[in-house]
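Numbering (UniProt numbering) for the sequence shown: 1 to 646.
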Amino acid sequence: MIYTSQDQLKKTWRRFINEGIFEGESVRETIRDSWERCHNYNVDPIKSKPIAVYHGAELESHLHKYRKLINVSIPVMKNLLDYVGDGNFVIVLADEQGCLLEMLGDEKVKTSAIAGDFVPGMNWSEKTIGNNGVGTALFLDKPVQIFGREHYWREAHHWTCSGAPIHDPQGRLIGALVISGAYEKVHPHTLGMVVTAVKAIENQLKLEETVSLLEISNNYKNAIIESISEGLLAVDEEGKITQINSIAAHYLEHNAAEALKGSCDTILGDKNYDLKNIITCNRQITDQEVDISTDKSKKTYLVTSRPIKGNGINKGTVLLFSEIARAQKLVQRMSGARGDFTFLDLIGEDPAYIETLELARKAADSTSNVLLLGESGTGKDVFAQAIHNTGIRKKGPFVALNCGAIPRELIASELFGYVEGAFTGARRGGKMGKFELASGGTIFLDEIGEMPLELQTSLLRVLETKTITRVSGNEVIPVDVRIIAATNKDLALEVSQGKFRQDLFYRLNVFAIPMVPLRERKEDVVLFTKKILANLSIKFKKPPIQPDKTVLELFKKYSWPGNVRELQNVLERVVNVCNDTILTIDHLPAEIRSAKTRENHIPVKNYERSLIESLLEKHNRNITRVANELGIARTTLYQKIARYNL
Numbered sequence: 001m002i003y004t005s006q007d008q009l010k011k012t013w014r015r016f017i018n019e020g021i022f023e024g025e026s027v028r029e030t031i032r033d034s035w036e037r038c039h040n041y042n043v044d045p046i047k048s049k050p051i052a053v054y055h056g057a058e059l060e061s062h063l064h065k066y067r068k069l070i071n072v073s074i075p076v077m078k079n080l081l082d083y084v085g086d087g088n089f090v091i092v093l094a095d096e097q098g099c100l101l102e103m104l105g106d107e108k109v110k111t112s113a114i115a116g117d118f119v120p121g122m123n124w125s126e127k128t129i130g131n132n133g134v135g136t137a138l139f140l141d142k143p144v145q146i147f148g149r150e151h152y153w154r155e156a157h158h159w160t161c162s163g164a165p166i167h168d169p170q171g172r173l174i175g176a177l178v179i180s181g182a183y184e185k186v187h188p189h190t191l192g193m194v195v196t197a198v199k200a201i202e203n204q205l206k207l208e209e210t211v212s213l214l215e216i217s218n219n220y221k222n223a224i225i226e227s228i229s230e231g232l233l234a235v236d237e238e239g240k241i242t243q244i245n246s247i248a249a250h251y252l253e254h255n256a257a258e259a260l261k262g263s264c265d266t267i268l269g270d271k272n273y274d275l276k277n278i279i280t281c282n283r284q285i286t287d288q289e290v291d292i293s294t295d296k297s298k299k300t301y302l303v304t305s306r307p308i309k310g311n312g313i314n315k316g317t318v319l320l321f322s323e324i325a326r327a328q329k330l331v332q333r334m335s336g337a338r339g340d341f342t343f344l345d346l347i348g349e350d351p352a353y354i355e356t357l358e359l360a361r362k363a364a365d366s367t368s369n370v371l372l373l374g375e376s377g378t379g380k381d382v383f384a385q386a387i388h389n390t391g392i393r394k395k396g397p398f399v400a401l402n403c404g405a406i407p408r409e410l411i412a413s414e415l416f417g418y419v420e421g422a423f424t425g426a427r428r429g430g431k432m433g434k435f436e437l438a439s440g441g442t443i444f445l446d447e448i449g450e451m452p453l454e455l456q457t458s459l460l461r462v463l464e465t466k467t468i469t470r471v472s473g474n475e476v477i478p479v480d481v482r483i484i485a486a487t488n489k490d491l492a493l494e495v496s497q498g499k500f501r502q503d504l505f506y507r508l509n510v511f512a513i514p515m516v517p518l519r520e521r522k523e524d525v526v527l528f529t530k531k532i533l534a535n536l537s538i539k540f541k542k543p544p545i546q547p548d549k550t551v552l553e554l555f556k557k558y559s560w561p562g563n564v565r566e567l568q569n570v571l572e573r574v575v576n577v578c579n580d581t582i583l584t585i586d587h588l589p590a591e592i593r594s595a596k597t598r599e600n601h602i603p604v605k606n607y608e609r610s611l612i613e614s615l616l617e618k619h620n621r622n623i624t625r626v627a628n629e630l631g632i633a634r635t636t637l638y639q640k641i642a643r644y645n646l
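Printed below as a string of structure tokens:
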């Protein structure tokens, strides 16, 4: 309602500010409550003035904080000002504390006495200046209209204020919008116009937040797409490219922005039938090898495809693809294709062992193939890893294959891989072999003497051409691999019997390293025993176990046909059942206590003797050449020739 008797209201106001009591029913309840608040705030109804809470740089910083609200509100305020029209109004925007942020209005109004306090930075809260369109709307958090002498502050008695609170998209109070004008000029629908304007501001804030969230979401999506280590391509049901990351664009040799304007047909061209078939047929595949051709190259990629459905209808396809080389590195890392041991892990003080160790260190510094010769259990696999981890290929993969543990019919596919459909049960998309996985590093072929002759021919071809061809495939694939082979057979004898190719033997036998059996490393038996017992005590969470002298003497005399592997096995059996801290003969297995000792065993030197004999024949007894091929000094070679009576 608009009061027709401002004189009656004036009397009521005077009595309240002088005596603190109300007269009759002349004041609305909302106004009555606001006057009581102002009285309790100790607001001076005569002398109070709006307070400037922000100046200069602080004001600029504060306005910057509310820049979004200001920018959204100004167009609405201008429209509202045009609508009210007659130039007797001022429209004010305030923050949630009652600090003015923006003012629009007729210049005459701005220059009036009260309007001089309507500037950004001034505080118009109830606690500062009494009830008004700004402060009371904020306090009540609802629209309010205050007419003339309803204002507690006398300077506002000729004004009418219509204000409404503004909320952000989360419903939090962030400010107020107010129209103020001369009391006699007030429009009966002014408050409704303010409420409508506030609703427009709030709707625009919601819209801008939605746009901002969509932009942020899109940025997140793009960041995720770009962080994927594979190429990503998304295609809709019509074949139009909807997403492509920089890796995929690089693979396809296209600009990502340009690709988004095109279709699969234009980007992939006529050559990539297999890839387009995956897309058009909505096939779900995982890590299938697919050739992708561009104007400059043709490469093989591992492709994963997932159809996108909506309401049961195909809406497109997402493809991930990575280069084979990258996939190889990932497979190598995830499958543990690495060597764990280095020369620091190899222990021993026996002179013959030290000589073998030095020879292995020289092999590590070389890029030539290595052949480890020795009985089972002498640590050929550990030496192979140490050589790899010390050489120039140490950052590459270390892939091991036991040729004697794979059925004859499967060795080829294990070594060289196979293409899709190579045989019944073959993996879809084919499979990489050990040579491809080892590319850039080392492949350790254990028990090479067990390799079938027909596979030896294929292995020789790999050594000569540095390429492989998968089983049932036609593509020649380059590989960069160092071979370390090992055997417990006398390969020279195998060659003479036609069981091993002589040319392959010479190819592998570039750096031959004879392994010393444990029975010939008398003092090292003690060293190994103590170290293994210490490790096993930790493994099985038992107190440290020490061997007594009788055990050590027996171990030094025992022949150890299984070498270090047998010693490890015996001690593990003992530690599992031993409840004492001293290991005695009584703790040992019966077969160890009753076995023949070293004195009854004839040491086996056949490997080294046969090797030297074959090299002497190969080089027509040229000592220098034989010593160089063995990687030992000529004097050492003379000693071995004398020892073996060659």
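We put the beta carbon where it would ideally sit given N, CA and C, even for glycine.
Query raised in the report: Mind checking whether ILE174 and LEU69 have CB atoms under 8 Å apart?
Result: yes
Requested in this report: Count the other CB atoms, across all protein chains shown, that sit within 10 Å of the CB of TYR418; report buried if there are 16 or more and exposed otherwise.
Outcome: buried
Requested in this report: Give a yes or no on whether the C-beta atoms belonging to VAL570 and LEU518 are separated by under 8 Å.
Outcome: No.
Report task. Assess, as a yes-or-no matter, whether the segment 39 to 58 is touched by the segment 179 to 187 under the definition of 3 or more beta carbon pairs within less than 8 Å. Result -> No, the segment 179 to 187 does not touch the segment 39 to 58.
Requested in this report: Using only alpha-carbon positions, find the residue among PHE89, GLU60 and VAL76 that is nearest to CYS99.
Outcome: GLU60
Report task. Give the DSSP-derived three-state secondary structure of SER439 in the structure shown. Result -> Coil at SER439, not helix or strand.
Query raised in the report: For SER26 versus LEU177, is the C-beta distance shorter than 8 Å?
Result: For the pair SER26 and LEU177, the CB atoms are not nearer than the 8 Å cut-off.
Query - Sequence-distant residues of the same chain with beta carbon closer than 7 Å to LEU646, five excluded per side - result: These residues qualify, in order along the chain: ILE612, GLU613 and LEU616.
Query raised in the report: In whole angstroms, what is the alpha-carbon distance linking GLY181 and ALA256?
Result: It is roughly 58 Å from the alpha-carbon of GLY181 to the alpha-carbon of ALA256.
Report task. Would you mind stating whether THR581 and THR550 have Cβ atoms separated by less than 8 Å? Result -> no
Requested in this report: Starting from ILE477, follow its DSSP beta bridges and name the residues at the other end.
Outcome: ILE468
Query raised in the report: According to DSSP, is PRO603 helix, strand or coil?
Result: Because PRO603 carries a pLDDT of 42, less than 50, the predicted location of this residue cannot be relied on, and the following value inherits that uncertainty. It is coil, neither helix nor strand.
Query raised in the report: Quick one: any contact between the segment 341 to 359 and the segment 520 to 535, if contact means 3 or more CB pairs under 8 Å?
Result: yes
Query raised in the report: Any idea if ARG507 is buried or exposed, counting beta-carbon neighbours within 10 angstroms, 16 or more meaning buried?
Result: Classification for ARG507: buried.
Requested in this report: Would you mind reading off the limits of the beta strand (DSSP E) that contains PRO120?
Outcome: No beta strand (DSSP E) contains PRO120, which DSSP labels as neither H nor E.
**Report entry** Proximity to ASP141 [Cα-Cα], best of LEU319, LEU504, LEU536 and GLY171
**Finding:** GLY171
**Report entry** Of the residues LYS199, SER297, ASN277 and SER496, the one placed nearest VAL303, counting alpha carbons only
**Finding:** ASN277
Query - At least three beta-carbon pairs within less than 8 Å, the segment 207 to 217 to the segment 225 to 242 - result: no
Query raised in the report: Taking ILE545 as the reference, which of VAL198, ASN576, GLY316 and GLU523 has the closest Cα?
Result: ASN576
Report task. Assess, as a yes-or-no matter, whether the segment 294 to 314 is touched by the segment 466 to 473 under the definition of 3 or more beta carbon pairs within less than 8 Å. Result -> no
Query raised in the report: Apart from the five residues on each side of it in sequence, which residues of its chain come closer than 7 Å, Cβ to Cβ, to VAL92?
Result: LEU100, MET103, PHE118, VAL134, VAL178 and SER180
Requested in this report: Measure the alpha-carbon distance for PRO143 versus ALA94 and round it to whole angstroms.
Outcome: 14 Å
Query raised in the report: Between which two residues does the alpha helix (DSSP H) containing LYS362 stretch?
Result: 351 to 365
Query raised in the report: Is it right to say LEU207 is buried, meaning 16 or more other beta carbons lie within 10 angstroms of its own, or is it exposed?
Result: exposed
Query raised in the report: Any idea what DSSP makes of ASP503, helix, strand or coil?
Result: helix
Report task. Let me know the secondary structure DSSP gives GLN204 once reduced to three states. Result -> helix
Requested in this report: Less than 8 Å between the CB atoms is what I'm expecting for GLU126 and TYR41, so what's the real figure, rounded?
Outcome: 7 Å
Query raised in the report: Out of TRP153, ARG32, LEU372 and PHE147, which has the shortest C-alpha to C-alpha gap to VAL43?
Result: TRP153
Query - 8 Å contact criterion, which ARG393 and GLY441 should meet: CB distance rounded - result: 5 Å
Query raised in the report: By DSSP, does HIS388 sit in helix, in strand, or in coil?
Result: helix
Report task. Report all residues from its chain with a CB closer than 7 Å to the CB of GLU226; omit the five preceding and five following residues, and keep chain order. Result -> Once the five neighbours on either side are set aside, the close Cβ partners of GLU226 are ASN245 and SER246.
Query raised in the report: Could you give the C-beta distance for TYR374 and PRO561, rounded to a whole number, given that I count them as a contact under 8 Å?
Result: Checking the sequence shown, residue 374 turns out to be Gly, not Tyr. In fact, because the Cβ distance is near 13 Å, the residues do not count as touching under 8 Å.
Query - Closest Cα partner of residue 730 within the set ILE166, TYR54 and ARG67 - result: Nothing in the structure corresponds to residue 730, since the chain is present only between 1 and 646.
Query raised in the report: Which first and last residues belong to the beta strand (DSSP E) in which GLN145 is found?
Result: 144 to 147
Query raised in the report: Straight-line CA distance for ALA485 to ARG461?
Result: 16 Å
Query raised in the report: Of the choices THR635, HIS157 and LYS199, whose alpha-carbon is the least far from that of ILE166?
Result: Ranking the options by Cα distance to ILE166, first place goes to LYS199.
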